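Undergrad: Below: one structure in structure tokens.
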């Protein structure tokens, strides 16, 4: 059975290609597959009818208990015959229905074929999850088929409507199924049905499943998608919306009825819904002028009938349901195909414009007559047999004291009257000779092959009616799973209540037809109570506008709102936890040194002032104060390393800020009202306070000693006396490796913002300095600067005139000359000249002593960076290029290479990653020297820091200088693409 | 085989360094980054196989025993995350190479894109193997710093604006994460996750709750759960297509991963389950309503991204074996399908010049292949069977049904509604963008489009004349990957089940990290 499904899928995949070769003939060819499946199912008949079953199972997701298990028993067998048989006929019909010029024929053929396979899978799968997969697959394929005419807006709307409605039901059903699976402990439908389950949760599950079945089988209130789906090509309507897909819901009801018919809620719901559907569908059908819609509403009505009788849950009703299922499939598919032929031949399906087809289309008229008669329940056709069975089943049930039986019986009798009426209306509308309408011309004759499919269906309707005693055996096989009963299908049971009811139906129905004008007039006076389609659109609109409203509301506040949300959640959650906290620390140490209090207060004041500042530079400086406050806090606590590093970082940060501020307006504009500011201040201080109190509680709860207690001891093992540095480059070097990667990326990011799409290259150098790096040449440049090039590079008018003092004033820094006189300071240049080299030496010193004394690669790199900063500030961008003209990216890359290389070295040397190795040598009186791989790592850190600062100076400094020089306005670069500006 | 573990971080970093050094050589850069990620993918797969067969691996970095040094741990969950992220990163990288070859450096400038992308990868992998709370933070910082760069590539005004929102929110959340680490260290004196697992349990319940809540907040912002999710749709959609794809697929999952660890290793027992259920509920609903209101496909997908995080939070909140199993499965599914959808959207943008469904039409005719490439993952995201989104959902629903309780039922219902609305939003895209004819575009009205939010930047951009084979090819492979999740659902769900079992019983994790007797 799995193989059958796979065969369908495979052939469906190939179909588009085949269509390219064979055109419309492809339909006849691929119809062979469902026909073969039909035959295959027929071969299973004997076993199945005898009460046996075919099973197969392939494991799929054992964790969830889901398996690709299939089971063909009497019910599945019946449905499998229906979907494969009608599927083959419809495909055959398509071959004549479509013209070769039809667009997207390959896609259509492929989907329709796949649909047949999916339907087969649906009715034969035993695993309820697998069944659900097929179930939803039919929804999606039906979406694609209904929307086949993609250029029609109605078609697209109907497609998405059908998809949403059936998926809505599907999801409800999925939840119901999940409950059933968990309660029954199995995903097998057979096991679920066989397991006695009770309780309100089962009732809920059952209702949810019925919602799913109802949405698929177009029961009220989900019925509205079916008429809309008539936008689809007629073969689709015949197959999906009459024979196959809409029967899936009925199948599910029939499948579950043996186990759940007595569950509270099942019978009540199905009878109520079924009756309403039957009446509403029939009532609406009488009002349609489009033949296809007459049938569509008729289908809704019949589906209601089917749901009712299948759900009723007695053995006899089940027999009736099975018969009705077969009868309905045969006549409704035939009728849809008939309408398709009428439209195909005459170009219309409006019953007001059709006339005289009885004469011009005699064969078609006979096919339709047989099918309509079966639909109306007129003997000797199979529809009559089925309806008789239903009447009897409900009559007997009512007779044995079930009030629901009487209600159902009265309901379906009324429904049958309406059915009779719209059946007659269909026949009259399609084929009658109407006096007021001229005979409809046949504009598009065909060779008659198209009649084969409906003809066969009609033949079956006749044959099944006549052969009903023999069919009884096959159909009872399913019914007998619901208990015992002695009713048998037959054309003639003698004068029975059911026959009386049929006679009543026919008579009243005839009256209704006779008085049709009055009926129509009466119908017009009744308002449409149930306007489900309108409701659907209303709901869609409501969802859309509600979504819009709520999204606008939550997204309205932008960044301040998002931050407020984060802070708010923090205050709410952690604040609540602190309030509920009952384990407070016993002792309170507010400070270790009184100095801490003063520093803290100063930092708080600076922070508050920074928040209130209106000038950017003031805000930056005040933030700097809090930073230096941290420095002193570290220093007071006895952490010289941290203090040193923090101080260097703060200094660099200030410089960077100043560089950036050149491109920003000096004042910050606050757009917010004071009320907002108060709110913000409140939120911010509360969050800070909560964090503080939380820290107090957390620290007080300490039970174990900290891992840091052993660090000094471990540091000695790592040949270092500086615990902080040993942690950075050895014990927690992995963290450091990550953090220097962050630095690299930050540098890259800044370069990206400023240079936009290329970051390679160093800071600009003086053109003449490039060829050789010899000091002599440099001096030559300094002494005899190329005034012209300097002017061009500078662009400042003040340097257009040669500066008489230039040679002497330029002597201190190589590129000093490139600056305009008013930007130069001799004092700074001298100091820079004097300090630069010692600073570099100091940085190297810090780098190498770091392991035992305050310092390390990070601090060293910062010092070297500051030295570069000084060069840049004193001598401008060309000075920077002269100081370190290498591509910053390369320095960064080399730094990371060193660090990661060290990490790998540990692996290569047979240890763990980043494991350090020392080289020790006693140098006699000099002492012992110990060099470790950690030093390499630290050099990597050093390089990354230097590279970062160089990159920042290059982009935020040198490049922005260039922008400014070229007269690029600040606003342009920050709001528009600098790429534009660069061009 | 523990030496494989650090490679997943070191190799991308090495690659980043190398691409910086050879930044003038385009081909070599491409070769390096693709090569490194390929090796990392293979290493991850090897790790998954090894860990699944032989149990959790732990590496004491530098030979410093836990808890003093940093421990790297790969258990099944980590290995799964490594494999799936490595695959995604590799796929998106190849896609962006294709785009770069076609368009030049404008969208993804090599000298910036490659190093940043590799650092992002390194950070991501580091998060998944971190056995140390502070190192977890470092991993976050790596990937976030790299993401800042990638988000603002090209520094157009739109991207800078989006980047500002993203960076500031991320920094704020990082501050809280760091603060939470400080609190945890203050209370326990350690940051080693395994040791924390032991020591946190010994703390008084009140203090546990405090620390638990503090830790979750930082992660929640990263994972973008309600009510700290609003930043995401304002940040992601403006970036270049491959960048958005990676962000959408992977970055939020890092938060989910961290929450998963927090709820199992650090604070087992479902102390905050009720809260998480509420969070899941609101995330699902508010997120999907946002998606329904969007006209821009990228923004729409960003909202579905937020919404579907709710499913994972739901599974975590259930804190049962089946719940966690389904969550792990769902994470894998969601990473794959979101990444793929954003890549397809990148293709749509090339062909249509825009991603606004109000201005796109006729793509079924213009690009049938891309239509299929959109349709399949769209159904998958919408939870239509037999695709993996459906399987994950079934797993979650079954897990929820086992547990019961009114709130669980409500979340299940919300999950079903979310699924339906996801389908609605995506099929509306299909109706308008693919089915609707190009000629209908002028003056088109439909009740379905009335309340859609158009983004400020919705302008018809340049329609690229060519769609590089490499981009389409990668997308095809990715779509096939999403489909293959269905076929491999059995083994994958089994694996997820074993991973979940590890999570519920951390003894193997603790033994691997701390050794047998060291408690």
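Residue numbers (the numbering used here), protein chains in the order written: chain U, 39 to 1021; chain Y, 22 to 540.
Heads up, the beta-carbon is just placed ideally off N, CA and C, and yes, glycines get one too.
Predicted model only: the values in this text are computed from it and were never measured.
#1: Report the neighbours of residue 24 of chain Y on chain U: residues whose CB is nearer than 9 Å to its CB, in chain order.
#2: Would you mind working out which of U/101, U/700 and U/136 sits nearest residue 419 of chain Y, comparing C-alpha positions?
#3: Using a Cβ-Cβ cutoff of 7 Å, what residues of the segment 378-404 of chain Y are near chain U? List them in chain order.
#4: Using 10 angstroms around the beta-carbon of residue 772 of chain U, count the other beta-carbons present and answer buried if the total reaches 16, otherwise exposed.
#5: Name the chain U residues that come within less than 7 Å of residue 456 of chain Y, Cβ to Cβ?
#6: Could you give the distance in angstroms between the alpha-carbon of residue 592 of chain U and the alpha-carbon of residue 585 of chain U?
#7: Hey, which unbroken runs of the beta strand (DSSP E) at 3 residues or more fall wholly within the segment 891-944 of chain U?
#8: Identify which residue in U/766, U/383 and U/506 has its Cα closest to the Cα of residue 365 of chain U.
#9: Would you please verify whether the beta carbon of residue 939 of chain U is less than 9 Å from any beta carbon of chain Y?
#10: Can you grab the Cα-Cα spacing for the pair residue 43 of chain U / residue 152 of chain U, in whole Å?
#11: Please compile the residues from chain Y whose C-beta is within a distance smaller than 7 Å of the C-beta of residue 773 of chain U.
#12: For residue 815 of chain U and residue 894 of chain U, I'd like the C-alpha separation in whole angstroms.
#13: What do you reckon, are the CB atoms on residue 356 of chain U and residue 424 of chain U nearer than 9 Å?
#14: Quick one: what does DSSP say residue 343 of chain U is sitting in, helix, strand or coil?
#15: Could you tell me whether any Cβ in chain U is nearer than 9 Å to the Cβ of residue 474 of chain Y?
#16: Whole angstroms are fine: how far does the CA of residue 884 of chain U sit from the CA of residue 678 of chain U?
#17: Thinking just about the alpha-carbon of each residue, which of U/443, U/621, U/311 and U/257 is nearest to the one in residue 737 of chain U?
#18: Determine the chain Y residues that contact residue 97 of chain U at a beta-carbon separation under 8 Å, and present them in chain order.
#19: Expressed to the nearest angstrom, what Euclidean distance is found between the alpha-carbon atoms of residue 438 of chain Y and residue 169 of chain U?
#20: Would a C-beta distance cut-off of 9 Å place residue 158 of chain U and residue 46 of chain U closer than the cut-off?
#21: With distances taken from CA atoms, which of U/988, U/308, U/340 and U/314 is nearest residue 351 of chain U?
#22: Shorter than 9 Å from the beta carbon of residue 590 of chain U to some beta carbon of chain Y?
#23: Taking 9 Å as the CB-CB limit, is residue 240 of chain U close to chain Y?
#24: Does residue 619 of chain U have its Cβ less than 9 Å from a Cβ in chain Y?
#25: With DSSP run on the structure shown, which of helix, strand or coil describes residue 670 of chain U?
#26: With 7 Å as the C-beta to C-beta threshold (strictly closer), list the residues of the segment 555-579 of chain U near chain Y in chain order.
#27: Could you tell me if the beta carbon of residue 37 of chain Y falls within a distance shorter than 8 Å of some heavy atom in the ligand PLP?
#28: Consider the Cβ of residue 530 of chain Y: report whether some Cβ of chain U lies at a distance smaller than 9 Å.
#29: Going along chain Y, which residues have a C-beta under 9 Å from residue 18 of chain U?
#30: By DSSP, does residue 533 of chain U sit in helix, in strand, or in coil?
#31: May I have the straight-line CA-CA distance separating residue 2 of chain Y from residue 740 of chain U, to the nearest angstrom?
#32: Of the residues U/650, U/48 and U/700, which one's Cα is nearest the Cα of residue 712 of chain U?
#33: Quick one: what does DSSP say residue 970 of chain U is sitting in, helix, strand or coil?
#34: In terms of residue numbering, what span does the beta strand (DSSP E) encompassing residue 109 of chain U cover?
#35: CB residue 360 of chain Y to CB residue 269 of chain Y, shorter than 9 Å?
#36: What span of residues does the beta strand (DSSP E) with residue 564 of chain U cover, start to end?
TA: Taking the geometry as given:
#1: Numbered from 1 along the second chain, position 3 holds the residue referred to as residue 24 of chain Y. Scanning chain U for C-beta atoms nearer than 9 Å to the C-beta of residue 24 of chain Y yields 945, 950 and 951, reported in chain order.
#2: Against the second chain, residue 419 of chain Y aligns to sequence position 398. Ranking the options by Cα distance to residue 419 of chain Y, first place goes to U/101.
#3: 385 and 400
#4: Position 734 of the first chain holds residue 772 of chain U. Buried is the call here.
#5: Here the question's residue 456 of chain Y lines up with position 435 in the second chain. Here the neighbours are 185, 188 and 194.
#6: As a first step, residue 592 of chain U must be located in the first chain, where it is residue number 554. As a first step, residue 585 of chain U must be located in the first chain, where it is residue number 547. Spanning the two alpha carbons is a distance of roughly 11 Å.
#7: none
#8: Here residue 365 of chain U is taken as the residue at index 327 of the first chain, counted from 1. Nearest C-alpha to residue 365 of chain U: U/506.
#9: The residue given as residue 939 of chain U occupies position 901 in the first chain. For residue 939 of chain U, the answer is yes, since a Cβ of chain Y falls inside 9 Å of its Cβ.
#10: Along the first chain, read from residue 1 onward, the residue named residue 43 of chain U stands at position 5. Along the first chain, read from residue 1 onward, the residue named residue 152 of chain U stands at position 114. Those two C-alpha atoms are separated by around 9 Å.
#11: In the first chain, residue 773 of chain U corresponds to position 735, counting from 1. Chain Y residues near residue 773 of chain U: 91, 155, 156 and 159.
#12: Reading the first chain from its first residue, position 777 is the one you call residue 815 of chain U. Reading the first chain from its first residue, position 856 is the one you call residue 894 of chain U. Its pLDDT being 43, under 50, residue 815 of chain U is placed unreliably by the model, and nothing is read from it.
#13: Within the first chain, numbered from 1, the residue matching residue 356 of chain U stands at position 318. Within the first chain, numbered from 1, the residue matching residue 424 of chain U stands at position 386. Cβ distance not < 9 Å, so residue 356 of chain U and residue 424 of chain U don't count as in contact.
#14: As a working note, residue 343 of chain U is residue 305 in the first chain. Collapsing the DSSP output to three states places residue 343 of chain U in a helix.
#15: One-based indexing of the second chain puts residue 474 of chain Y at position 453. Cβ-Cβ to chain U under 9 Å: yes for residue 474 of chain Y.
#16: Your numbering for residue 678 of chain U matches position 640 in the first chain. Your numbering for residue 884 of chain U matches position 846 in the first chain. Taking the straight line from one Cα to the other gives about 13 Å.
#17: Along the first chain, one-based indexing puts residue 737 of chain U at 699. Looking at the Cα atoms, U/621 is the closest of the given residues.
#18: Along the first chain, one-based indexing puts residue 97 of chain U at 59. Residues of chain Y passing the Cβ test: 511.
#19: Counting from one through the second chain, the residue named residue 438 of chain Y turns up at place 417. Counting from one through the first chain, the residue named residue 169 of chain U turns up at place 131. If you take the alpha carbons of residue 438 of chain Y and residue 169 of chain U, they lie about 21 Å apart.
#20: Stepping through the first chain from its first residue, residue 158 of chain U is reached at position 120. Stepping through the first chain from its first residue, residue 46 of chain U is reached at position 8. Yes, the pair counts as a contact, with Cβ atoms nearer than the cut-off.
#21: The residue given as residue 351 of chain U occupies position 313 in the first chain. Per the Cα distances, U/308.
#22: Within the first chain, the letter at position 552 stands for residue 590 of chain U. Judged by the 9 Å Cβ criterion, residue 590 of chain U is in contact with chain Y.
#23: Working through the first chain from its first residue, we reach residue 240 of chain U at position 202. Cβ-Cβ to chain Y under 9 Å: no for residue 240 of chain U.
#24: As a first step, residue 619 of chain U must be located in the first chain, where it is residue number 581. So yes, residue 619 of chain U belongs to the interface.
#25: Residue 670 of chain U sits at position 632 when you count from the first residue of the first chain. Three-state result, residue 670 of chain U: helix.
#26: Per Cβ criterion, the list reads 575, 578 and 579.
#27: The ligand content of the structure shown is nil, which means the ligand PLP is not present either.
#28: As a working mapping, residue 530 of chain Y is identified with position 509 in the second chain. It does not: the Cβ of residue 530 of chain Y has no partner Cβ on chain U nearer than 9 Å.
#29: Outside the displayed range of chain U (39 to 1021) lies residue 18 of chain U, so it cannot be described from this structure.
#30: In the first chain, residue 533 of chain U corresponds to position 495, counting from 1. Coil.
#31: Outside the shown range of chain Y, which is 22 to 540, sits residue 2 of chain Y, and nothing can be said about it.
#32: Here the question's residue 712 of chain U lines up with position 674 in the first chain. Nearest of U/650, U/48 and U/700 to residue 712 of chain U, Cα basis: U/650.
#33: Against the first chain, residue 970 of chain U aligns to sequence position 932. The answer is strand: DSSP assigns residue 970 of chain U an E or B state.
#34: Locating residue 109 of chain U in the first chain gives position 71, counting from the first residue. Where residue 109 of chain U is concerned, the enclosing beta strand (DSSP E) stretches over 104-110.
#35: In the second chain, counting from the first residue as 1, residue 360 of chain Y sits at position 339. In the second chain, counting from the first residue as 1, residue 269 of chain Y sits at position 248. Yes.
#36: On the first chain, position 526 is the one that residue 564 of chain U refers to. Per DSSP, residue 564 of chain U belongs to no beta strand (DSSP E) and is neither H nor E.
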